[in-house]
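Asks: Chains as they are written, first to last, in the UniProt record's numbering: chain A, 1 to 222; chain B, 1 to 222.
There are 2 protein chains.
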Amino acid sequence: MIQLSNIEKVYRTKTIETIALNKVNLGINKGEFVAIMGPSGCGKSTLLNIMGLLDSPTAGTISLDGQAVTSFGDKKLANFRNKKLGFIFQSYHLINDLSVLDNVELPLLYRDGVSGSERRKRAMEALEKVGLSARMKHYPNQLSGGQRQRVAIARAIIGDPEIILADEPTGNLDSVMGEEVINILLNLNKTDGTTIVMVTHDEHMANKTQRIIRFFDGQQVN
Amino acid sequence: MIQLSNIEKVYRTKTIETIALNKVNLGINKGEFVAIMGPSGCGKSTLLNIMGLLDSPTAGTISLDGQAVTSFGDKKLANFRNKKLGFIFQSYHLINDLSVLDNVELPLLYRDGVSGSERRKRAMEALEKVGLSARMKHYPNQLSGGQRQRVAIARAIIGDPEIILADEPTGNLDSVMGEEVINILLNLNKTDGTTIVMVTHDEHMANKTQRIIRFFDGQQVN
Ligand SMILES: Nc1ncnc2c1ncn2[C@@H]1O[C@H](COP(=O)(O)OP(=O)(O)OP(=O)(O)O)[C@@H](O)[C@H]1O
Ligand SMILES: Nc1ncnc2c1ncn2[C@@H]1O[C@H](COP(=O)(O)OP(=O)(O)OP(=O)(O)O)[C@@H](O)[C@H]1O
Ligand SMILES: [Mg+2]
Ligand SMILES: [Mg+2]
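1. Going by DSSP, what residues sit across from A/K9 in a beta bridge?
2. For the alpha helix (DSSP H) that contains A/V199, what are its first and last residues?
3. Grouping DSSP H, G and I as helix and E and B as strand, with all else coil, what is B/A166?
4. Restricting to Cα atoms, I'd like to know which of B/A126, B/G52, B/K121, B/A78 is closest to B/I163.
5. To the nearest angstrom, report how far apart A/L185 and A/L173 are at their CA atoms.
6. Any idea if B/I16 is buried or exposed, counting beta-carbon neighbours within 10 angstroms, 16 or more meaning buried?
7. Strictly by DSSP, which residues pair up with B/V151?
8. Taking only three categories from DSSP, how would you classify A/S45?
9. Can you confirm whether A/N96, when its beta carbon is compared against all beta carbons of chain B, has any partner nearer than 9 Å?
10. Looking at C-beta atoms only, is the number of pairs between the region 28-47 of chain B and the region 198-212 of chain B that lie closer than 8 Å three or more?
11. Whose CA, out of B/N49, B/Q149, B/Y139, lies closest to the CA of B/Y92?
12. Hey, does B/I50 have any beta-carbon neighbour from chain A nearer than 9 Å?
13. Starting from A/M37 and walking both ways along the beta strand (DSSP E), at which residues does that stretch end?
14. Looking at B/E168 and ligand 3, is the gap between the Cβ and the nearest heavy atom below 8 Å?
15. Report whether the distance from the Cβ of residue 243 of chain B to the nearest heavy atom of ligand 4 is below 8 Å.
16. Please name the residue, chosen from B/L98, B/L26, B/K137, that lies closest to A/K14 on a Cα-to-Cα basis.
17. Is any heavy atom in ligand 3 found nearer than 8 Å to the beta carbon of B/S5?
18. Quick one: list the residues of chain B neighbouring A/L85, beta-carbon separation under 7 Å, in chain order.
19. Nearest to A/L4 by alpha carbon, out of A/F72, A/I50, A/N96?
20. So, B/G43 versus B/A20, is the Cβ gap smaller than 9 Å?
21. In the region 185-215 of chain B, which residues sit with their C-beta less than 8 Å from some C-beta in chain A, listed in chain order?
22. Taking 8 Å as the cut-off, is the beta-carbon of A/S144 closer than that to any non-hydrogen atom of ligand 4?
23. Show which residues of chain A have a CB atom less than 8 Å away from the CB atom of B/Q142.
24. Give the DSSP bridge partners of B/F80, in chain order.
25. Indicate, with yes or no, if ligand 1 has a heavy atom lying under 8 Å from the CB of B/A20.
26. Measuring CA to CA, which of B/V181, B/D160, B/Q220 is closest to B/D192?
27. If the criterion is Cβ atoms closer than 9 Å, does the pair B/T194 and B/I28 meet it?
28. Below 9 Å between beta carbons: does that hold for A/V181 and A/I153?
29. Within the 9 Å Cβ cut-off, does B/V151 reach chain A?
30. Where do the ends of the alpha helix (DSSP H) carrying A/R119 lie?
31. Using C-beta distances below 6 Å, list every residue in its chain close to B/M198, excluding the 5 sequence neighbours before and after it, in chain order.
32. How about B/Q90 and A/G73: do their beta carbons lie closer than 9 Å?
33. Cutting at 6 Å between CB atoms, please list the residues of its own chain near B/L188, excluding the five before and the five after it.
34. Run the CB neighbour count on A/K129, radius 10 Å, all protein chains shown included, and call it buried at 16 or more, exposed below.
35. Does any CB atom of chain A fall closer than 9 Å to the CB of B/M124?
Listed below in structure tokens is the structure:
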């Protein structure tokens, strides 16, 4: 489902060159639920952004669902991303001018065959799942940290994507809510066959997945 | 050191009234290191913002270091905050146009008797403590999530404040780096007598403090 071959990612600032990903070769099968762990700064978010086609590698290729996406043009890439991927960002990236409900509906805004009322209904169901029905009309700056995280989660699952990329989805949640979130992901994986890649610093959460991939200094170490 | 009496905080949106803090009476002694735990959305950040004089309660009074701060004017409040408090925000609030080093130096910019070179030296020491010496010239948007969190931590400790308010300071850190951060806080508490209030979702971290205060739905429950 996700195949990374010889992926390199180098960042350059005026003074420092950082090899964020170094010859990464990684395969994730359709329907797998894997966790990615490693020290702060070792390349996990960079890896997820490249898998999610939000950033391009300095070298190497990616294929998603058997398609050589590294060669796609912007429009084709955006289309593919919208149909196939759900992304939970480490810093949420909610739209401050939109209400919680509108934020969650966003992925379905561009999808053919989904009416306004269908979109609203699915957004409300997604918010119900993360316990935020009472916050639909709030704006992101009126929410707690963990509530923002949960809106990001609801937005990532609403489109029933085939692949979910979750960057530390429980970092700002208490253990009870964290369990509910991991269970949402486990269910999507079990009942819908959703392929899930979850970055986490939480060993307990990682142990609930099928495979843990460990990174250190831009390279896979296990 | 920190005394909250009958604190109330009510938020109102167009449709919903939220009693974020409900008759909170809380005392924290000089030199204490307490943890605050509770479900996502139960009022922890609101509590810390009020303790840190960043937000005013709807009702009730606060006294910090024996002074009735709720009655201070803006200028006096800002002065008191800058001298006595160090704040680690749940969403970091780094300044995007400033380098990491300049971000960390900020609290000392307004302090009399601290030269530019003294400020630079102390900022580098603080960054050294959180393992970010190699990122001094980076800008916040060139950092990983956990690196941003660590810059926020360095900025909070550089001024040797008497009180540190830490809102989930290890949420985006791996266990090794998280341990280093809690050890920095434990040392400040033990050797400098710094009063520390730390919100955390991590039971393991909370157990390293002297007292755990639990909140639920805006009220203290233990
Ligand atoms: N500006 C605001 N306007 C309206 N409601 C608000 C505002 N800020 C916070 N709230 C609400 O007040 C409640 C408490 O928020 P707070 O940020 O203190 O929670 P928290 O305990 O820190 O949660 P978390 O663990 O998720 O960070 C939440 O239900 C939130 O939706
Ligand atoms: N735009 C950028 N410019 C320069 N360096 C960058 C940029 N983005 C990331 N980096 C660097 O690349 C490295 C990897 O960053 P990444 O965000 O992938 O780490 P991470 O494993 O997700 O860390 P964390 O657990 O703290 O979130 C870091 O050392 C970071 O400083
Ligand atoms: Mg990251
Ligand atoms: Mg909070």
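By construction, the Cβ of each residue, glycine as well, lies at the ideal position given by its N, Cα and C atoms.
Replies: Answer, in terms of the structure:
1. The residue given as residue 9 of chain A occupies position 9 in the first sequence. Its beta-bridge partners are A/L21.
2. To locate residue 199 of chain A, count along the first sequence from 1; it is residue 199. It is not in any alpha helix (DSSP H) - A/V199 instead sits in the beta strand (DSSP E) that spans 195-199.
3. Reading the second sequence from its first residue, position 166 is the one you call residue 166 of chain B. Strand.
4. Taking the second sequence and counting its residues from 1, the one referred to as residue 163 of chain B is at position 163. When each option's Cα is compared against that of B/I163, the closest is B/G52.
5. Taking the first residue of the first sequence as position 1, residue 185 of chain A is located at position 185. Taking the first residue of the first sequence as position 1, residue 173 of chain A is located at position 173. Each residue's Cα considered, the two are about 15 Å apart.
6. By one-based count along the second sequence, residue 16 of chain B stands at place 16. Counting Cβ neighbours within 10 Å, B/I16 comes out exposed, since fewer than 16 surround it.
7. Taking the second sequence and counting its residues from 1, the one referred to as residue 151 of chain B is at position 151. BP columns for B/V151 are empty, so no partner.
8. Mapped onto the first sequence, residue 45 of chain A falls at position 45. The answer is helix: DSSP assigns A/S45 an H, G or I state.
9. Taking the first sequence and counting its residues from 1, one reaches residue 96 of chain A at position 96. It does not; no Cβ of chain B falls within 9 Å.
10. The region 28-47 of chain B and the region 198-212 of chain B touch, with no fewer than 3 CB-CB distances between them shorter than 8 Å.
11. Here the question's residue 92 of chain B lines up with position 92 in the second sequence. If you compare the alpha carbons of B/N49, B/Q149, B/Y139 with that of B/Y92, the shortest gap goes to B/Q149.
12. Here residue 50 of chain B is taken as the residue at index 50 of the second sequence, counted from 1. Not closer than 9 Å to any Cβ of chain A, the Cβ of B/I50 fails to qualify, so no.
13. In the first sequence, residue 37 of chain A corresponds to position 37, counting from 1. Here the beta strand (DSSP E) through A/M37 covers 33-37.
14. Locating residue 168 of chain B in the second sequence gives position 168, counting from the first residue. No.
15. With chain B covering only 1 through 222, there is no way to say anything about residue 243 of chain B.
16. Counted from its first residue, the first sequence places residue 14 of chain A at position 14. Nearest of B/L98, B/L26, B/K137 to A/K14, Cα basis: B/K137.
17. Here the question's residue 5 of chain B lines up with position 5 in the second sequence. No, Cβ of B/S5 sits at least 8 Å from all heavy atoms of ligand 3.
18. Along the first sequence, read from residue 1 onward, the residue named residue 85 of chain A stands at position 85. Residues of chain B passing the Cβ test: none, with the nearest at roughly 20 Å.
19. In the first sequence, the residue the question calls residue 4 of chain A occupies position 4. It is A/I50.
20. Numbered from 1 along the second sequence, position 43 holds the residue referred to as residue 43 of chain B. Numbered from 1 along the second sequence, position 20 holds the residue referred to as residue 20 of chain B. Result yes, Cβ atoms of B/G43 and B/A20 sit closer than 9 Å.
21. Under the 8 Å Cβ criterion, the region 185-215 of chain B contributes H201, E203.
22. On the first sequence, residue 144 of chain A is found 144 positions in, with the first residue counted as 1. Distance from the C-beta of A/S144 to the nearest heavy atom of ligand 4 is below 8 Å.
23. Taking the first residue of the second sequence as position 1, residue 142 of chain B is located at position 142. Contact note: B/Q142 reaches chain A through Y11, T13, using a C-beta cutoff of 8 Å and chain order.
24. Taking the first residue of the second sequence as 1, we reach residue 80 of chain B at position 80. DSSP, once it has assigned bridges, lists no residue as partnering B/F80.
25. The count along the second sequence starts at 1 and reaches residue 20 of chain B at position 20. Because some heavy atom of ligand 1 lies under 8 Å away, the Cβ of B/A20 counts as near it: yes.
26. Locating residue 192 of chain B in the second sequence gives position 192, where the first residue counts as 1. Selected option, being the one with the closest Cα: B/D160.
27. Position 194 of the second sequence holds residue 194 of chain B. Position 28 of the second sequence holds residue 28 of chain B. No.
28. Taking the first residue of the first sequence as position 1, residue 181 of chain A is located at position 181. Taking the first residue of the first sequence as position 1, residue 153 of chain A is located at position 153. Yes, these two residues count as a Cβ contact at 9 Å.
29. By one-based count along the second sequence, residue 151 of chain B stands at place 151. For B/V151, no CB of chain A lies under 9 Å from its own CB, so it is not counted at the interface with that chain.
30. Counting from one through the first sequence, the residue named residue 119 of chain A turns up at place 119. Taken as a continuous stretch (DSSP letters only), the alpha helix (DSSP H) holding A/R119 covers 116-129.
31. On the second sequence, position 198 is the one that residue 198 of chain B refers to. Excluding sequence neighbours, B/M198 sits near A35, A166.
32. One-based indexing of the second sequence puts residue 90 of chain B at position 90. One-based indexing of the first sequence puts residue 73 of chain A at position 73. Between B/Q90 and A/G73, the gap from beta carbon to beta carbon reaches 9 Å or more.
33. Taking the second sequence and counting its residues from 1, one reaches residue 188 of chain B at position 188. So the qualifying residues of the chain are T194.
34. The sequence position of residue 129 of chain A within the first sequence is 129, counting from 1. Using a 10 angstroms sphere on the CB of A/K129, the tally of other CB atoms reaches 16 or more, which defines it as buried.
35. Here residue 124 of chain B is taken as the residue at index 124 of the second sequence, counted from 1. So, not an interface residue.
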